[in-house]
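Following: one structure in structure tokens, then a few remarks.
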Amino acid sequence: MAAKSIISRPVYGTLFPQPGKHHLFVADAEGALAISDLAARAPAGFFGDAHIIFIPGADGKHVAALEALKPAQFYQGPSFASALPRLKQTLANAHMGLRLYLAGTEGLIGQAMQAALEAGIDHASIQTEHRGSLARRVQCVHCKGITENVTTQPATCSHCGLLLLVRDHYSRRLAAFQGVCINAEDRSEIPPTEEIFR
Amino acid sequence: MSTGTTKLDVVVSDVVPVNELVTRFHFRRRDGALLPTFSGGAHVVVEMRDGERTRLNPYSLMGSPLDTREYTISVRRDDAGRGGSLFMHRHVRPGMEMVISYPVNLFSLDLRARKHLMLAGGIGITPFMAQTAQLAAEGGNFELHYTCRTASLGTYADVLAERYDRRVRLYHDDRDERIELDRLLSSQPLGTHLYVCGPSGMIGWVRDRAASLGWPAETVHFEHFAAPQPGAPFDVTLALSGRTIRVGEQQSLLEAIEAAGVDPPYLCRGGVCGQCETNVISHDGKFIHNDHWLSEEEHRSCGKIMPCVSRFEGRSLVLER
Ligand code: FES
Numbered sequence: 002m003a004a005k006s007i008i009s010r011p012v013y014g015t016l017f018p019q020p021g022k023h024h025l026f027v028a029d030a031e032g033a034l035a036i037s038d039l040a041a042r043a044p045a046g047f048f049g050d051a052h053i054i055f056i057p058g059a060d061g062k063h064v065a066a067l068e069a070l071k072p073a074q075f076y077q078g079p080s081f082a083s084a085l086p087r088l089k090q091t092l093a094n095a096h097m098g099l100r101l102y103l104a105g106t107e108g109l110i111g112q113a114m115q116a117a118l119e120a121g122i123d124h125a126s127i128q129t130e131h132r133g134s135l136a137r138r139v140q141c142v143h144c145k146g147i148t149e150n151v152t153t154q155p156a157t158c159s160h161c162g163l164l165l166l167v168r169d170h171y172s173r174r175l176a177a178f179q180g181v182c183i184n185a186e187d188r189s190e191i192p193p194t195e196e197i198f199r
Numbered sequence: 016m017s018t019g020t021t022k023l024d025v026v027v028s029d030v031v032p033v034n035e036l037v038t039r040f041h042f043r044r045r046d047g048a049l050l051p052t053f054s055g056g057a058h059v060v061v062e063m064r065d066g067e068r069t070r071l072n073p074y075s076l077m078g079s080p081l082d083t084r085e086y087t088i089s090v091r092r093d094d095a096g097r098g099g100s101l102f103m104h105r106h107v108r109p110g111m112e113m114v115i116s117y118p119v120n121l122f123s124l125d126l127r128a129r130k131h132l133m134l135a136g137g138i139g140i141t142p143f144m145a146q147t148a149q150l151a152a153e154g155g156n157f158e159l160h161y162t163c164r165t166a167s168l169g170t171y172a173d174v175l176a177e178r179y180d181r182r183v184r185l186y187h188d189d190r191d192e193r194i195e196l197d198r199l200l201s202s203q204p205l206g207t208h209l210y211v212c213g214p215s216g217m218i219g220w221v222r223d224r225a226a227s228l229g230w231p232a233e234t235v236h237f238e239h240f241a242a243p244q245p246g247a248p249f250d251v252t253l254a255l256s257g258r259t260i261r262v263g264e265q266q267s268l269l270e271a272i273e274a275a276g277v278d279p280p281y282l283c284r285g286g287v288c289g290q291c292e293t294n295v296i297s298h299d300g301k302f303i304h305n306d307h308w309l310s311e312e313e314h315r316s317c318g319k320i321m322p323c324v325s326r327f328e329g330r331s332l333v334l335e336r
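So the protein sequences, as listed, match chains A and B.
Okay, so the first sequence: first residue is 2 according to the numbering used here, each after it adds one.
Okay, so the second sequence: first residue is 16 according to the numbering used here, each after it adds one.
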């Protein structure tokens, strides 16, 4: 779990089964393990009312483990973007009693939460668990472009090319951390790049 | 200073019988100015000078928050109660000068909600009168389900039905009409917030069903004014002032402390807001905790008491203030 530093920095918890009529899971890569851990504590028949949206990532692992839970619905997609229409559709048709569980990378959790907030779910009632990579989704405050999977400090904006200091300042609305130009005074000053959000 | 001690000087501008149990009271400011704005769900504490005694009872404001020329409350007569509602019914007349507190809202609407689902039982309708007026003016999405014993005791049911038509559903106990709660709760769109005000049995039932049907606690709001329960008299010592006072059978601990000239903080006088929380210095006996504020663990550990509703039985009790 990522450390808490400033107030907007999201704090993640541990998924646990909640009472409810339907259970919607959105996870990527190692987030699947958080679902398996929850399954070990869930009452019998819990997954009979569950819908899992899973983005396995490049290595394609964990799909079989999730299918073995026998959820009522299982969707596997190549990217969050490809899963988003399904997530939105599911939320639009949902009723109170649906519980939402998000697990995996911060980028996935943040973007799924954004869709959920738009659908009217209070962020405090969404369960989240961080698993796997610490890679960040970063918005460049200068050009507003979003760069996915940022693991270094500083990082280069994939839109305008500025060298960005990745801040802990997180926007729930954008589901992204803020990146601010690190060498605005003198562009020739290039601090060393370190990989820190692995 | 506690909000509960911020006062408004008012005059009773009208007293209107509503049905065999309920009477409505209208207040205006004595200086003719507008009253403070409030939001739907707010209450005021009304001071009643009943001979030697001062009674302080909280009542929900039921007028529209858009009209602050006057405040209106509705009081249900409780013949077996401690006398506050009887005082209002028997002694308060138009033209009488009274003192009420500034409004306090412990039951406000969550305006982020996509839809507001309201459940009222009996006189629990009053906060919803203001809330529905507020939402209707803003084009808000709401639905009100109101249970009452009989049609004639359906306080303001006719007014609500006329104002809001199909957004209001009535249920009469004597006709065996019941809210189909599970079905109602499970058919609400995502983003709905639930509000319930009524007898404590109803609040418990609704909260319980909502929790097991998967409503997050943040989306369930309730208001319950527990009237202080009578009990055996007991003595209490206030460590800071060094005074020992007697709490009568019909008196709450908070009222006894006030009668002794101490000015303790309060907001709800119903055991829900936390404002009157007081530390226990020592005790020999048993607490009768009637509040909804302290945790079960705090109740067991006997380190705190909510004097507005809780009592004590035993040999000695020393409180901090
Ligand atoms: S005054 Fe609110 S809990 Fe006692």
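Glycine is no exception: its CB is placed at the ideal position from the N, C-alpha and C atoms.
Cβ shell of K22/A (< 8 Å), same chain only, five flanking positions each side left out: D50, H96, G98 and L99
Separation of V33/B from G55/B, as counted between CA atoms: 21 Å
Status (buried if at least 16 other CB within 10 Å, exposed otherwise) for I320/B: buried
Euclidean distance between Cα positions of N156/B and V251/B: 50 Å
Entirely enclosed beta strand (DSSP E) segments - the stretch 55–92 of chain B, minimum 3 residues: 57–65, 68–75 and 86–91
L49/B: CB within 6 Å of a non-hydrogen atom of the ligand FES: no
Minimum Cβ-Cβ distance from R87/A to chain B less than 7 Å: no
Check: R284/B C-beta below 6 Å from any heavy atom of the ligand FES: yes
Nearest candidate by alpha-carbon position, reference D38/A, set Q77/A, S80/A, A104/A and Q90/A: A104/A
Short Cβ contact (7 Å threshold) for G286/B with C323/B: yes
Cβ-heavy atom distance, M321/B to the ligand FES, below 6 Å: yes
Closest residue to D24/B among G47/B, V31/B and T38/B (Cα-Cα distance): G47/B
Proximal residues, the stretch 199–229 of chain B versus chain A, C-beta separation under 7 Å: L200, S201, S202, Q203, P204, L205, G206, T207, A226, S227, L228 and G229
is_contact[D123/A, chain B] using C-beta, thresh 7 Å: yes
Against chain A: residues of the stretch 306–320 of chain B by CB proximity under 7 Å: none
Distance between G257/B and P73/B (C-alpha atoms, nearest Å): 30 Å
Within 7 Å of chain A by C-beta, residues of the stretch 151–176 of chain B in sequence order: none
C-beta neighbour in chain A for R129/B, strict 7 Å: yes
Proximity to A136/A [Cα-Cα], best of A185/A, E196/A and F75/A: E196/A
Closer than 8 Å at the beta carbon, the chain B residues around H96/A: S201, S202, Q203, P204 and L205
Among F237/B, G169/B, Y179/B and V174/B, the one whose alpha carbon lies nearest that of Y186/B: G169/B
Residues near P204/B by beta carbon distance below 7 Å, same chain, minus five either side: R129 and K130
Min CB distance R100/A to chain B below 7 Å: yes
Runs of beta strand (DSSP E) lying entirely within the stretch 171–245 of chain B, each at least 3 residues, in chain order: 183–187, 207–212 and 235–238
Buried/exposed call for G14/A, threshold 16 Cβ in 10 Å: exposed
Near-chain B residues of the stretch 14–26 of chain A - C-beta to any C-beta below 9 Å: Q19, P20, G21, K22, H23 and H24
Which of helix, strand or coil DSSP assigns to D29/A: strand
Counted within 10 angstroms of its Cβ, other Cβ atoms place V262/B as buried (16 or more) or exposed: buried
Helix, strand or coil at R336/B [DSSP, three-state]: coil
V31/B, buried or exposed, once every other Cβ within 10 Å from all chains shown has been counted against 16: exposed
Pick from H106/B, L132/B, A135/B and P142/B that is closest to V119/B, judged by C-alpha positions: P142/B
Burial state of D306/B (16 or more Cβ within 10 Å): buried
G58/A versus F178/A: straight-line alpha-carbon distance, rounded: 22 Å
When R91/B, H41/B and S167/B are compared against E85/B, the one with the closest alpha-carbon: H41/B
Contact test: Q290/B Cβ vs the ligand NAD heavy atom, cutoff 6 Å: Of the ligands this structure carries, namely the ligand FES, none is the ligand NAD.
Contact with chain B by A43/A, beta-carbon distance below 7 Å: no
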